[in-house]
Amino acid sequence: MTLEIIGAGFGRTGTLSTYTALKQPGFRCYHMQDVLEDTDNRGHVVWFAG
């Protein structure tokens, strides 16, 4: 797979809208929502306590 687009943004700044728009024409996207909803992806984030 080749990387075609990187769309990075802070939370609450329209990243879900961008994710949705990119998925419509068929781009494979990865959003924080994917990490939180799919337990297989939980290792992609480091949880900090405190």
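Heads up: the sequence shown at position 17 corresponds to 39 in my numbering, and the numbers run straight through without jumps.
Every residue gets a Cβ at the ideal spot worked out from N, C-alpha and C, and that includes glycine.
- With respect to Thr-42, Gly-29 sits apart: the two C-beta atoms are not nearer than 7 Å.
- In the structure shown, Arg-50 falls within a coil segment according to DSSP collapsed to helix, strand and coil.
- A straight line joining the alpha-carbon of Phe-32 with that of Gly-48 spans about 23 Å.
- Sorting Arg-50, Val-68, Arg-34, Leu-38 by C-alpha distance to the C-alpha of Ile-27 places Arg-50 at the top.
- Excluding sequence positions up to five before and after His-53, its CB lies within less than 7 Å of the CB of Thr-37, Leu-38, Tyr-41, all in the same chain and listed in chain order.
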